[in-house]
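Visitor: Sharing a structure with you now.
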Amino acid sequence: MKLNSEELLLLLTNNIKKYRKAKDLSQEKLALASGIDRSSIAEIERCRANPSLDLLLKISNALDIEPSNLLEF
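Laid out in structure tokens, this is it:
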């Protein structure tokens with residue numbers, strides 16, 4: 001399945017929210033665990049920011065998942 005950049009970003013942000021909620025983490029707790037500002041987490045989850053690979057690694061490490069999990073369908 002081919003995705004455009006907007007669809008990929010939506011998939012990514014939905015997966016971040018899904019894993020964060022599954023771990024019962026608030027945006028604030030995820031921010032503290034990942035070393036990313038809470039406002040940046042919020043912007044990413046609202047598809048208003050295009051996260052760098054570095055941020056995705058920090059988020060996946062904080063969620064204790066593989067980075068590839070963030071791109072699962």
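Under full-length UniProt numbering, think of the first position of the sequence shown as 1, with each following residue one higher. We treat Cβ as the ideally placed atom computed from N, Cα and C, and that holds for glycine. In this text the structure is predicted, and so the values were computed from the model without any measurement.
Does the stretch 46 to 58 touch the stretch 9 to 18, meaning 3 or more C-beta pairs lie closer than 8 Å?
Guide: yes
Visitor: How close, in whole Å, do the beta carbons of S34 and K58 come, if the pair is a contact with beta carbons under 8 Å?
Guide: The sequence position of residue 34 within the sequence shown is 34, counting from 1. The sequence position of residue 58 within the sequence shown is 58, counting from 1. Indeed they touch by this definition, with Cβ atoms about 4 Å apart.
Visitor: Have a look at L63, L70, L55 and C47 and flag the residue whose alpha-carbon is nearest the alpha-carbon of L30.
Guide: Here residue 30 refers to the residue found at position 30 of the sequence shown. Considering only alpha carbons, the answer is L63.
Visitor: What's the C-alpha gap between A42 and E28?
Guide: Within the sequence shown, residue 42 is the residue found at index 42, counting from 1. Within the sequence shown, residue 28 is the residue found at index 28, counting from 1. Each residue's CA atom was taken as its position, placing A42 and E28 some 9 Å apart.
Visitor: Among residues of its own chain, excluding the 5 on either side of residue 78, which ones have a beta-carbon nearer than 6 Å to its beta-carbon?
Guide: Beyond the ends of the chain as shown, which are 1 and 73, falls residue 78; an answer cannot be given.
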